[in-house]
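Below is one structure, written out as structure tokens, with a few remarks after it.
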Amino acid sequence: MAKNNAVILIKGEQVIDGEHDVTEIDVTGDLSETDGGLKLEFWEYLDDKEKVHTEIVIDGDTVTMKKDGSVATEMIFEKGVRHNGEYVTPVGALSVGVNTNDVVIDIEDGSGKILLEYDLDFNMGFLAKNKLEIKLNPKE
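Here this note's numbering is used: the first residue of the sequence shown is 1, the next is one more, and so on.
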């Protein structure tokens with residue numbers, strides 16, 4: 001597959017202490033096939049100066065998301081399984097737990113969506129309920 005071949009729409013919903021927050025971004029990125037599934041890569045711009053490289057790998061029913069840049073993390077989403085990781089920022093690192101409630105992957109011929117519903121905790125304390133929807137379309 002060609003470079004910069006996908007239009008990616010990302011909608012993140014988060015509920016912390018009853019407060020609901022929604023974030024939406026759209027970017028272009030690279031969608032490629034791997035031995036076990038698909039890989040999606042793109043850059044997110046946090047502000048005018050900070051950018052984060054994001055890589056999402058789909059292997060069967062498991063989704064792994066890695067971020068590198070001003071923040072860095074690796075989160076594994078596997079339905080019914082809690083995975084531990086680390087969230088690194090310029091001011092320090094936090095222990096992160098991801099308990100995945102649902103994973104839906106529906107991608108065919110470079111278009112479709114990934115839906116992740118999960119609970120997030122930092123340093124073993126519950127933080128938020130999250131829903132992440134990633135929609136893919138071929139770039140024309």
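Glycine included, C-beta positions come from ideal geometry on N, C-alpha and C.
6 Å Cβ shell around residue i - same chain, five flanking residues per side excluded
{"i": "Asn137", "result": "Val7 and Ser111"}
{"i": "Ile134", "result": "Ile10 and Ile114"}
Other residues of its chain near residue i: CB distance less than 8 Å, five sequence neighbours each side excluded
{"i": "Glu24", "result": "Leu9, Ile10, Lys11 and Gly12"}
{"i": "Lys139", "result": "Asn4, Asn5, Ala6, Val7 and Thr28"}
C-alpha gap between residue i and residue j, whole angstroms
{"i": "Val57", "j": "Asp68", "result": "14 Å"}
{"i": "Gly36", "j": "Glu50", "result": "32 Å"}
{"i": "Phe126", "j": "Val81", "result": "16 Å"}
In DSSP terms, what residue i is bridged to
{"i": "Glu108", "result": "Ser111"}
{"i": "Met163", "result": "It is not possible to answer for residue 163, since the shown part of the chain is limited to 1 through 140."}
{"i": "Thr89", "result": "Gly92"}
Beta-carbon spacing of residue i, residue j below 7 Å
{"i": "Lys79", "j": "Thr64", "result": "no"}
{"i": "Phe77", "j": "Val96", "result": "no"}
{"i": "Lys113", "j": "Asp106", "result": "yes"}
{"i": "Ala93", "j": "Gln14", "result": "no"}
Buried versus exposed call for residue i [16 or more other C-beta atoms within 10 Å across all chains shown]
{"i": "Val22", "result": "exposed"}
{"i": "Asn130", "result": "buried"}
{"i": "Leu132", "result": "buried"}
{"i": "Thr54", "result": "buried"}
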